[in-house]
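For reference, the structure discussed in these notes is given below.
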Amino acid sequence: MAQIRIENVRKDFGSFNAVKSSTFTIEDGEFFMLLGPSGCGKTTTLRMMAGLELPTSGEIYIDGEEVGQKPASKRDIAFVFQMFALYPHMNVGKNISYPLRSQGMPKAQVKKKVHEIAEILGITDILNKSVGGLSGGDRQRVALGRAIVRDPKAFFMDEPLGALDAEFREHMSEELRALHDRMNATTVYVTHDQLEAMQMGDKIVVMNHGVVEQFGVPQEIYDWPATKFVAQFIGSPCMNFLDFKGSVSKDTDSVQLENVSLEIPKSIDGVNGDLTFGIRPEHIFLDDSAGYRGRVVATEYLGTTQIVTLDTPNGQIKARVASSDKISVGQQTGLRFDPRTVTLFDASTGHALR
Ligand code: ATP
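Structure below.
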């Protein structure tokens, strides 16, 4: 399998700069997510790794070999677009074996390989069936079988579950992840769905406007967002932001919001001016004894938890609390924040202070 490294990779389409200088490494065997909103450059980044698009500048390494200007056919990778694209006139076995037959692999070897793959995917019993009558799940498994049969160095998938309804999508994403865990093949997966990225990925790159905003394991990205954009894009409801003017320097351990002193984590960069206090909904506690005050403007019942929307002197925020807590619209309450979970941002750059 393969380690993939992209270094200072940039892509221009004419005068439009779609991907700015990007650098990150995908380790051998990782399930790696390229995440971001529509148009952020994730598909272009994937296509450059796969050799379907050539970078304007920068280098792409697969297992240490620089392949940036090599076409896809020379990179020994498999690209899974929409998994439903099958050859309708061939049966399941022929669909899966197609890449091997077109390489000229001897028949006996092809048969052995197809059976191996069918076994992994649990579709041995339908190898002779026509693809026309298959269920959506089986069609997806066959298309996947065709992609993995060649033992490529890496798999590239561009929103492969995008066309599926929510329930089936969740089921297939679990299957894909389980398949990956069995095969341990380096997989690069494009999605705009933050939940899918968090659930499936070993690591995630978050992109916005052609820029890599952050790169790391899901929990790190959730707990320690590097920018306001990441904090907003990941999590539902997203992180709350309270804007204020103030001054922090190394070892500052509290800030003043509306003359209430709020604890913050220590050892941060210094900023004097516009700041943003970031806190996730589940790290806010409604506590009447707390000095920072808010007024409940809405509640949303979600089963075991509820989302409470509050007006505060620094803007509106959402708290996630137990459904059993009795809360009514119009109520005034104190708000306590767990200081270990606060992220402070420089409001002018959007970067988290570390
Ligand atoms: P989506 O999820 O909508 O596909 P994306 O994050 O994958 O979004 P890309 O497809 O990589 O984004 O596109 C990034 C930007 O580059 C977009 O503004 C897109 O319009 C532009 N772009 C992509 N391919 C081309 C091309 N061949 N020619 C010109 N512009 C392009």
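Remember, this note's numbering sits 14 above the position in the sequence shown when you count from 1. The C-beta atom is built at its ideal place from N, Cα and C for all residues, glycine as well.
Environment of residue i [buried if 16+ CB atoms lie within 10 Å]
i    : result
E227 : buried
F93  : buried
G159 : buried
V231 : exposed
S275 : exposed
S187 : buried
Straight-line Cα distance separating residue j from residue i
i    : j    : result
L148 : K56  : 32 Å
G364 : R61  : 29 Å
K88  : P166 : 11 Å
V343 : D325 : 11 Å
Y306 : T318 : 26 Å
L175 : G151 : 11 Å
Q117 : K127 : 13 Å
K377 : I298 : With the chain covering only 15 through 368, there is no way to say anything about residue 377.
V269 : E296 : 21 Å
F46  : M214 : 8 Å
D216 : N273 : 42 Å
G260 : L289 : 7 Å
K242 : A366 : 7 Å
A312 : G107 : 56 Å
Where residue i sits in the DSSP three-state scheme
i    : result
S52  : coil
G72  : strand
L190 : helix
I162 : helix
I134 : helix
M104 : coil
E272 : coil
Which residues DSSP lists as bridging residue i, in chain order
i    : result
V322 : T313, A333
A180 : Note: A180 sits in no beta bridge, so no partner.
H365 : T241
E210 : Per DSSP, none; premise fails for E210.
V225 : N222
L114 : L114 pairs with nothing; no bridge assigned.
**Message:** Closer than 8 Å is the cut-off here; do at least three beta carbon pairs connect the region 43-58 with the region 201-212?
**Reply:** Touching, per the Cβ criterion.
**Request:** Inspect the CB distances between the region 30-43 and the region 129-146 and report whether three or more fall short of 8 Å.
**Result:** Contact annotation: the region 30-43 does not touch the region 129-146, with fewer than three C-beta pairs closer than 8 Å.
**Prompt:** Contact between the region 250-264 and the region 190-202: three or more CB pairs below 8 Å?
**Reply:** The region 250-264 makes no contact with the region 190-202: fewer than 3 CB pairs, one atom from each, lie closer than 8 Å.
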